[in-house]
Amino acid sequence: MPLQSLDITRRSATTTPSPSQRQTEEVAKLIDTTKCIGCKACQVACMEWNDTRDAIGDNHGVYDNPMDLTENSWTVMRYSEVETDRGLEWLIRKDGCMHCADPGCLKACPAPGAIVQYSNGIVDFHEENCIGCGYCIAGCPFNVPRLSKKDSKVYKCTLCSDRVAVGLEPACVKTCPTGAIVFGSKEDMAHHAEGRIADLKERGFANAGLYDPAGVGGTHVMYVLHHADQPELYHGLPKDPSISPLVSLWKGVTKPLALFGLGLTVLAGFFHYVTVGPKEVDEETESS
Amino acid sequence: MREKLIQRYTPPERANHWVVAIAFVLLALSGLALFHPSLYWLSSLFGGGPWMRILHPFIGVVLALSFVALALRLWRFNRMSKDDEQWLCQIGDVMRNRDSKLPEAGRYNAGQKLLFYVMVACVALLLLSGIVIWRPWFAGAFPLVMVRLGAVIHALSAFVLIAGIIVHIYAAILTKGSIHAMVRGTVPQAWARKHHPAWYREMTEGSNR
Ligand code: HEM
Ligand code: SF4
Numbered sequence: 002m003p004l005q006s007l008d009i010t011r012r013s014a015t016t017t018p019s020p021s022q023r024q025t026e027e028v029a030k031l032i033d034t035t036k037c038i039g040c041k042a043c044q045v046a047c048m049e050w051n052d053t054r055d056a057i058g059d060n061h062g063v064y065d066n067p068m069d070l071t072e073n074s075w076t077v078m079r080y081s082e083v084e085t086d087r088g089l090e091w092l093i094r095k096d097g098c099m100h101c102a103d104p105g106c107l108k109a110c111p112a113p114g115a116i117v118q119y120s121n122g123i124v125d126f127h128e129e130n131c132i133g134c135g136y137c138i139a140g141c142p143f144n145v146p147r148l149s150k151k152d153s154k155v156y157k158c159t160l161c162s163d164r165v166a167v168g169l170e171p172a173c174v175k176t177c178p179t180g181a182i183v184f185g186s187k188e189d190m191a192h193h194a195e196g197r198i199a200d201l202k203e204r205g206f207a208n209a210g211l212y213d214p215a216g217v218g219g220t221h222v223m224y225v226l227h228h229a230d231q232p233e234l235y236h237g238l239p240k241d242p243s244i245s246p247l248v249s250l251w252k253g254v255t256k257p258l259a260l261f262g263l264g265l266t267v268l269a270g271f272f273h274y275v276t277v278g279p280k281e282v283d284e285e286t287e288s289s
Numbered sequence: 003m004r005e006k007l008i009q010r011y012t013p014p015e016r017a018n019h020w021v022v023a024i025a026f027v028l029l030a031l032s033g034l035a036l037f038h039p040s041l042y043w044l045s046s047l048f049g050g051g052p053w054m055r056i057l058h059p060f061i062g063v064v065l066a067l068s069f070v071a072l073a074l075r076l077w078r079f080n081r082m083s084k085d086d087e088q089w090l091c092q093i094g095d096v097m098r099n100r101d102s103k104l105p106e107a108g109r110y111n112a113g114q115k116l117l118f119y120v121m122v123a124c125v126a127l128l129l130l131s132g133i134v135i136w137r138p139w140f141a142g143a144f145p146l147v148m149v150r151l152g153a154v155i156h157a158l159s160a161f162v163l164i165a166g167i168i169v170h171i172y173a174a175i176l177t178k179g180s181i182h183a184m185v186r187g188t189v190p191q192a193w194a195r196k197h198h199p200a201w202y203r204e205m206t207e208g209s210n211r
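Each protein sequence line maps, in turn, to chains A and B. The working numbering runs 1 ahead of the 1-based position in the first sequence. The working numbering runs 2 ahead of the 1-based position in the second sequence.
Right under this line is the structure:
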């Protein structure tokens, strides 16, 4: 939910500029999977700050709990046991909205102002404008938005836009006991990641790297991965995510063109009528 | 002299047609509101965005069912013939109202038949794709790629159908007397002889004229 209502770069289903007089600094959250111990403190902090409570689930014999993102669990820890050249590895990733620079949800949304992107890069849902169509779910390349069964509105991580607006870090960042989650300007975070990656490489993780996928214009939630060459190892993190071509086809120039086409069809009918005229039964020919 | 009338549509046929027509208009208005931001204001006609989103698919089901009933009633009149192909080749004459040069049309002319099949295909596609993208009920059961494909197919077939119906409505305005046929059910004999000569002969054969 918004506080920085005056710094909007993009607004769903809106064709004129949004209030964008000021340019705030682009922010990013950096999640270092190599430092994460999977304690879920961030999951708890998220629920605490945002006052969401998920239903008590079932034990599936794995650490993942709940098993998936929900309208109440905006972030979940994903645990993957994988065999790599280093033997058995336990890879843990904090999953949630990536806050894409080019957000597929916002592109797909038909309701004006239900999704906005602040000039600091945060992508936020304004549920009061949401009509519950779920187009954003189809638009998202990371499968993040969840439709509430209670109110038919969609929910997801806000990157604590309310906290960030008043100069605080997101709740998950504040709580992380190992410092695996850090927050700041996107530039600083990329710089911080460089140091981490150099360190990891020195310690034998030759493919360590930053996950900031260009296919979606970069993200405002980034990962440091030990195996940046194989992001799929981390519970299917997409290697080269981008807005699906089907969504681009659906939401691209085809739409204004289609409307133009319909308008033209109506006009063509009107001018045909005033030039050629109607088909009437001609009295004289009929009586002959 | 009082004009002789021929029955073209029975009361049940007319009622069926107008159920389809009303459902279509509601669907086109609500669908277009979702289709492009410039038309989002149409959502006010349905009590706002959420109500429009809720109602659209249910109206869609009404349309699909009533359309199937109508299509079954009219199916046998819409078979294409050799003459129909010739008619379509002379579309220029149709547009310039040189109707006497055209091959004789039966109960429906080739343009009407073609549009009939376009409508059948579009409604089938709209129903199937509409179910795939229908939240909260069905969309969750389909993989995301199918929901995306469903949305594209739905938008595309809606575009084709709306364009087709614009042509359909214009043809009704253009051909004087046809709106009366669908509202009151009858047409003058002269109308039938001019616009659907083969049908006219069929209807009047055996009877005195
Ligand atoms: C036949 C049954 C139909 C079903 C089940 C159906 C269902 C849906 C659903 C679920 C949506 C998404 C929004 C929402 O949840 O309300 C939608 C959107 C839409 N529908 Fe339908 N619909 C049907 C028929 C039609 C017809 C006949 C038309 C055309 C007149 C139409 C035009 C549209 C349009 C233009 C959209 C917006 C597409 C976009 O956002 O690109 N629908 N429909
Ligand atoms: S569910 Fe809400 S936020 Fe998502 S696309 Fe539809 S209106 Fe927009």
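For glycine and all other residues, C-beta sits at the position ideal for the given N, C-alpha and C. Remember, predicted model here, so these are calculated numbers, not experimental data.
Mapping the DSSP letters down to three states, classify residue i as helix, strand or coil.
i: glutamate 285(A); result: Reliability of the predicted coordinates at glutamate 285(A) is poor, the pLDDT of 48 falling under 50, and the value obtained from them is presented with this limitation in mind. Three-state DSSP puts glutamate 285(A) in a helix.
i: threonine 85(A); result: strand
i: serine 162(A); result: helix
i: methionine 2(A); result: Low local confidence applies: a pLDDT of 44 at methionine 2(A) is under 50, so the model's placement there is unreliable, with the coordinate-based value given in what follows. Coil.
i: phenylalanine 48(B); result: helix
i: lysine 6(B); result: coil
i: arginine 211(B); result: Because arginine 211(B) sits at a pLDDT of 45, beneath the cut-off of 50, its placement in the model cannot be relied upon, and the following sentence gives the value as read from the coordinates. Coil at arginine 211(B), not helix or strand.
i: serine 186(A); result: strand
i: tryptophan 136(B); result: coil
i: leucine 238(A); result: coil
i: arginine 203(B); result: helix
i: cysteine 101(A); result: strand
i: valine 154(B); result: helix
i: arginine 98(B); result: coil
i: tryptophan 91(A); result: strand
i: threonine 177(B); result: strand
i: valine 145(A); result: coil
Name the chain A residues whose beta carbon is nearer than 8 Å to that of residue i?
i: isoleucine 168(B); result: Leu263, Thr266, Val267 and Gly270
i: phenylalanine 161(B); result: Ala259, Gly262 and Leu263
i: alanine 143(B); result: The premise fails here: alanine 143(B) is roughly 12 Å from chain A at the closest Cβ pair, so nothing lies under 8 Å.
Looking at the unbroken beta strand (DSSP E) that takes in residue i, where does it start and where does it end?
i: lysine 30(A); result: 28-33
i: valine 217(A); result: Unbroken run through valine 217(A): none, as it is neither H nor E.
i: glycine 210(A); result: 210-212
i: phenylalanine 126(A); result: 124-126
i: proline 190(B); result: 188-190
i: isoleucine 116(A); result: 116-119
i: leucine 226(A); result: 222-226
Assuming residue i contacts residue j under a Cβ cut-off of 8 Å, what Cβ separation, rounded to an integer in Å, is found between them?
i: cysteine 98(A); j: valine 63(A); result: Not really, about 23 Å apart at Cβ, beyond 8 Å.
i: tyrosine 136(A); j: cysteine 101(A); result: Not a contact, Cβ separation roughly 16 Å.
i: leucine 34(B); j: leucine 28(B); result: 11 Å between Cβ atoms; not a contact.
i: glycine 140(A); j: valine 248(A); result: 5 Å
i: leucine 234(A); j: valine 45(A); result: The pair is not a contact, with the Cβ atoms about 26 Å apart (cut-off 8 Å).
i: valine 64(B); j: alanine 25(B); result: 5 Å
i: tyrosine 156(A); j: serine 162(A); result: With a Cβ gap of about 13 Å, tyrosine 156(A) and serine 162(A) do not count as contacting.
i: alanine 209(A); j: leucine 226(A); result: 7 Å
Going along chain B, which residues have a C-beta under 7 Å from residue i?
i: serine 74(A); result: Here the premise fails: no neighbours, minimum Cβ distance about 17 Å.
i: asparagine 144(A); result: Leu146
i: leucine 247(A); result: Arg150, Leu151 and Val154
i: lysine 256(A); result: Phe37 and His38
Just the chain A side, please: which residues come within less than 7 Å of residue i by C-beta, in chain order?
i: aspartate 101(B); result: Lys280
i: tryptophan 193(B); result: Val282
i: isoleucine 164(B); result: Leu263
i: alanine 157(B); result: Trp251
In chain B, what lies closer than 8 Å to residue i by C-beta?
i: lysine 150(A); result: Pro138
i: leucine 250(A); result: Val154
i: proline 113(A); result: Pro39 and Tyr42
From what residue to what residue does the alpha helix (DSSP H) around residue i run?
i: threonine 17(A); result: It is not in any alpha helix (DSSP H) - threonine 17(A) carries neither H nor E in the DSSP assignment.
i: valine 267(A); result: 255-276
i: methionine 48(A); result: 42-51
i: valine 167(A); result: First-last for valine 167(A): undefined, no H or E at that position.
i: alanine 141(B); result: Taken as a continuous stretch (DSSP letters only), alanine 141(B) belongs to no alpha helix (DSSP H), as it is neither H nor E.
Using a Cβ cut-off of 9 Å, pull out every chain B residue sitting near residue i, in sequence order please.
i: serine 153(A); result: Pro52, Arg55, Ile56, Arg137 and Pro138
i: alanine 56(A); result: Simply none; closest approach about 17 Å.
i: serine 274(A); result: Per the sequence shown, the amino acid found at residue 274(A) is tyrosine instead of serine. Chain B residues near tyrosine 274(A): Tyr172, Ile175 and Leu176.
Quick check: is the beta carbon of residue i nearer than 7 Å to any beta carbon in chain E?
i: alanine 215(A); result: Note that chain E does not occur in the displayed structure, where the protein chains are A and B.
Using a Cβ-Cβ cut-off of less than 9 Å, give me the residues of the region 38-49 of chain B that come near chain A, in sequence order.
Correct list: His38, Pro39, Ser40, Leu41, Tyr42 and Ser45.
Along the region 120-135 of chain A, where does the CB come closer than 9 Å to a CB of chain B? Name the residues.
From the region 120-135 of chain A, only Asn130, Cys131, Ile132, Gly133, Cys134 and Gly135 have a Cβ closer than 9 Å to chain B.
Report the residues of the region 170-181 of chain A with a CB closer than 7 Å to any CB of chain B, ordered along the chain.
In summary, no residue of the region 170-181 of chain A has a CB separated from any CB of chain B by less than 7 Å.
If the cut-off is 8 Å on Cβ atoms, which residues from the region 93-125 of chain B count as contacting chain A, listed in chain order?
Hits within the stretch, in order: Met97, Arg98, Asn99 and Asp101.
Contact residues within the region 174-203 of chain B, judged by C-beta distance below 8 Å to chain A
Within the region 174-203 of chain B, the qualifying residues are Ile175, Leu176, Thr177, Lys178, Gly179, Pro190, Ala192, Trp193, Arg195, Lys196 and His197.
Select from the region 14-36 of chain A all residues with a C-beta closer than 9 Å to any C-beta belonging to chain B, and list them in chain order.
Answer in chain order: Ala14, Thr15 and Thr16.
Which residues, taken in chain order from the region 24-36 of chain B, show a beta carbon closer than 7 Å to some beta carbon of chain A?
The residues in question are Leu36.
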